[in-house]
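Visitor: In the UniProt record's numbering, the protein residues as written are 1 to 212.
Beta carbons are placed, not taken as given, at the ideal position from N, Cα and C, and that holds for glycine.
1. In this structure, how does DSSP classify residue 163 when only helix, strand and coil are distinguished?
2. Opposite residue 33 in the DSSP bridges: which residues?
3. Using a Cβ-Cβ cut-off of 6 Å (strictly less than) and excluding sequence neighbours within five positions of residue 74, which residues of its own chain qualify?
4. So, do the stretch 88 to 103 and the stretch 123 to 134 have three or more beta carbon pairs nearer to each other than 8 Å?
5. Nearest by alpha-carbon distance to residue 153: which of 47, 185, 210 is it?
6. In this structure, does DSSP put residue 98 in helix, strand or coil?
7. Look at the alpha carbon of residue 196 and the alpha carbon of residue 157, and state the distance between them as a whole number of angstroms.
8. When you compare each of 117, 91, 9 to residue 48 by their alpha carbons, which one comes out closest?
9. Please work out which residues of its chain come closer than 8 Å, Cβ to Cβ, to residue 108, disregarding the five sequence neighbours upstream and downstream, and give them in chain order.
10. Decide yes or no for the touch test of the stretch 83 to 100 against the stretch 143 to 153: beta carbon pairs closer than 8 Å, at least 3 of them.
11. Going by the DSSP bridge assignment, what does residue 57 pair with across the sheet?
12. With distances taken between CB atoms, is the gap from residue 96 to residue 159 smaller than 8 Å?
13. Count the other CB atoms within 10 Å of the CB of residue 94; is the residue buried (16 or more) or exposed (fewer)?
14. When you compare each of 35, 29, 46 to residue 78 by their alpha carbons, which one comes out closest?
15. Which one of 199, 203, 210, 133 has the shortest CA to CA distance from residue 178?
16. Between residue 31 and residue 116, what straight-line distance do the alpha-carbon atoms span, to the nearest angstrom?
17. Can you tell me whether residue 178 is helix, strand or coil according to DSSP?
18. Under the DSSP definition of a beta bridge, which residues are partnered with residue 78?
19. Spatial neighbours of residue 111 within its chain, please: CB distance less than 7 Å, with the 5 preceding and 5 following residues excluded, ordered by chain position.
20. So what's residue 115 in DSSP terms, helix, strand or just coil?
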């Protein structure tokens, strides 16, 4: 039932990552749209996510926030979708999930904020340097068809979304290896459905905000 799975989001946010993952698992869900300045900071939603940010999901009586956690949780909660490896084969799965949540997230955010670490600071920064992270991503997406091997998984949704978003907004370069990987994962029907849903919501919001 849709009311067993509630999705809190805004179509111009990281909620697009969770939307893609929800479309991949193929379970009915209810979307609750929030506004950055009002409902996202209101008491009702802060009871769900005290950070006042999206996305978040409520699955029955469980609340999950943070995009990586949402993707991993949904893969485990709905195993029939085949989006997580067997427990004995999860080394790369966990590796790239945490790499995406740590170094990749930090590099993209720092780039957006105009902050670059120097050689001395790179020793303290967990990600080392912007260029190092890019090279590691390039190796990861070039070594295999997908991050864990020949089978698409939830970690491709998460890291792939970050990579695509970073390129779209100029925080990451559009290297040929990145483009080849993104072409593979963005061809998935679930990605196309999710994008169409959120793009339509953006269009509706823009139309509603336009002067009469």
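Guide: Let me lay it out:
1. helix
2. 9
3. Non-local beta-carbon contacts of residue 74 in its own chain, meaning distances under 6 Å to residues more than five positions away in sequence, involve 21, 25 in chain order.
4. yes
5. 185
6. Annotated three-state conformation of residue 98 is helix, per DSSP.
7. 16 Å
8. Residue 48 has its Cα closest to that of 9, out of 117, 91, 9.
9. Apart from sequence neighbours up to five positions away, the residues of its chain that approach residue 108 with a beta-carbon distance below 8 Å are 162, 165, 166, 171, 172, ordered along the chain.
10. yes
11. For residue 57, which the question treats as bridged, DSSP gives the partners 7, 64.
12. yes
13. exposed
14. 29
15. 133
16. 37 Å
17. Helix, per DSSP.
18. In the DSSP assignment, no residue is bridged to residue 78.
19. 130, 171
20. coil
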